[in-house]
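Sequential numbering from 10 applies to the sequence shown in our numbering. A virtual CB, placed ideally from N, CA and C, is assigned to each residue, including glycine.
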Amino acid sequence: MIRLAVVSGKGGTGKTVVTGAIARICTRSRVMVDCDVDAANLELLLKPRILERTDFRGMEVASIDPAVCTACGICIGACRFDAIRTHGAAYRVETGRCEGCRVCRMVCPAGAVSMQPRMCGQIFYSETAWGNLVHARLAPGAANSGLLVMEIKKLALSRNGDCDLMLIDGPPGIGCPLISTITGTDHALLVTEPSVSGFHDLERVVRVSRTLRTPVSVVINKHDLNPRISGDIRKFCRREDVAFRGEIPYDEAVMEAVRNGRPVTEYHVPASEAITTLWDDWSRELW
Numbered sequence: 010m011i012r013l014a015v016v017s018g019k020g021g022t023g024k025t026v027v028t029g030a031i032a033r034i035c036t037r038s039r040v041m042v043d044c045d046v047d048a049a050n051l052e053l054l055l056k057p058r059i060l061e062r063t064d065f066r067g068m069e070v071a072s073i074d075p076a077v078c079t080a081c082g083i084c085i086g087a088c089r090f091d092a093i094r095t096h097g098a099a100y101r102v103e104t105g106r107c108e109g110c111r112v113c114r115m116v117c118p119a120g121a122v123s124m125q126p127r128m129c130g131q132i133f134y135s136e137t138a139w140g141n142l143v144h145a146r147l148a149p150g151a152a153n154s155g156l157l158v159m160e161i162k163k164l165a166l167s168r169n170g171d172c173d174l175m176l177i178d179g180p181p182g183i184g185c186p187l188i189s190t191i192t193g194t195d196h197a198l199l200v201t202e203p204s205v206s207g208f209h210d211l212e213r214v215v216r217v218s219r220t221l222r223t224p225v226s227v228v229i230n231k232h233d234l235n236p237r238i239s240g241d242i243r244k245f246c247r248r249e250d251v252a253f254r255g256e257i258p259y260d261e262a263v264m265e266a267v268r269n270g271r272p273v274t275e276y277h278v279p280a281s282e283a284i285t286t287l288w289d290d291w292s293r294e295l296w
């Protein structure tokens, strides 16, 4: 199995559009994984039918047993996050404020505090017209996004290990979710745009990928909106010995496809043709 992650240094560059487009035109057996767990939207293009739904439990939070608690108040003074409140004579932890530091557990003289796994989101295993999709939804404000990314990648591999391709729609940025996404992948396709911020964030994600020893290549989306910066990106790729996969023109049909919830490769338009050419050329190298 080839594990390919489509990522970007910033949001809005079109990586989900590219991922959905490749998912439709790839002729190999494949499983899709949406690792943008904070704002998963590959499902909007692939229209999955959910087969299984599983709760994801991540960071532990404190819990106070009212039958053991003596209401001494020591835990309230020790909690720096103001997570422990009183309700009449009862003491209770507000899980949304708890950071799982365990200080209340350590200072409680009665042993009334325990640490319990927190329900942080849900994992979905679905089917689409082009293969299975593993995706997730992290609860608002919840931590452990990197751990959730790892869990859905493991699920995709365990259920679809005989597929030729694991196609991953990655998160924006260069933080923990991205690191968890590209770790263990065979290649990362970096989708950028010809803007100052797009170019800057491309440089950052290239550095991170090299630190993780993940091979990378670059495609410029909407390249014709700023030919000068597109030229600078091509020069950067040559200077840094980064494979340059091609360019996708600005195409209003892309937004029409997104509004209709369809991969752009269902349309015979310039953007679709560019992505198809890119994938046809690249797939000959991959297999």
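Scanning its chain for C-beta atoms nearer than 8 Å, with the 5 sequence neighbours on each side dropped, one finds around Tyr276 the residues Ala262, Glu265 and Ala266, in chain order. If you draw a straight line from the Cα of Glu108 to the Cα of Gly184, it is about 19 Å long. Here the alpha carbons of Ile242 and Glu212 stand approximately 9 Å from one another. Residue pairing from DSSP leaves Ala280 without any beta-bridge partner.
Per DSSP, reduced to three states, the secondary structure at Ala48 is coil, with no helix or strand assignment.
Closest in C-alpha terms to Glu282, from the list Tyr259, Thr201 and Trp296, comes Tyr259.
Contact fails between the region 85 to 101 and the region 47 to 61, because fewer than three Cβ pairs, one in each stretch, are under 8 Å apart. Gly240 sits in a helix when the DSSP states are folded into three classes. Spatial neighbours of Gly255 in its own chain (CB-CB distance under 6 Å, excluding positions within 5 residues in sequence) are listed in chain order as Val228 and Leu287. Cβ contact annotation for Ala145 (same chain, cutoff 7 Å, sequence separation greater than five): Val46, Ala49, Phe65, Gly130, Gln131, Ile132, Phe133, Leu157 and Ile161, in chain order. Scanning the region 170 to 228 for uninterrupted alpha helix (DSSP H) segments of 4 residues or longer gives 185 to 191 and 205 to 220, listed from N- to C-terminal end. DSSP lists Thr95 as the bridge partner or partners of Tyr100. In the DSSP assignment, Ile34 forms no beta bridge with any residue.
For the pair Val251 and Phe245, the Cα-to-Cα distance works out to about 8 Å. The continuous stretches of beta strand (DSSP E) do not include Gly86, which lies in the alpha helix (DSSP H) extending over residues Ile83 to Ala87. In the displayed model, Ala14 falls within a strand according to three-state DSSP. For Pro118, the CB contacts under 8 Å within the same chain, skipping 5 residues up- and downstream, are Thr79, Cys81 and Ile83 in chain order. With respect to the 7 Å criterion, Thr22 and Asn235 are not classified as neighbours on the basis of their beta carbons. In this structure, the alpha-carbon of Thr190 lies about 27 Å from that of Arg268. The beta carbon of Ile34 is closer than 7 Å to those of Thr274, Thr285 and Trp288 in its chain, skipping five residues each way along the sequence. Taking C-beta separations shorter than 6 Å and ignoring five residues to either side along the sequence, the partners of Gly18 in its chain run Asp210, Leu211, Arg213 and Val214, following chain order. At the C-beta level, Pro272 and Leu13 stay beyond 7 Å of one another.
Taking a 10 Å sphere around the C-beta of Arg127, we find 16 or more other C-beta atoms and assign the residue as buried. Per DSSP, the beta-bridge partners of Glu136 are Arg58 and Asn141. In the structure shown, Ala119 falls within a coil segment according to DSSP collapsed to helix, strand and coil.
Rounded to the nearest whole angstrom, the CA to CA distance from Ala98 to Met68 is 28 Å. In the DSSP annotation of this structure, the continuous segment of the beta strand (DSSP E) that includes Glu256 starts and ends at Ala252 to Ile257.
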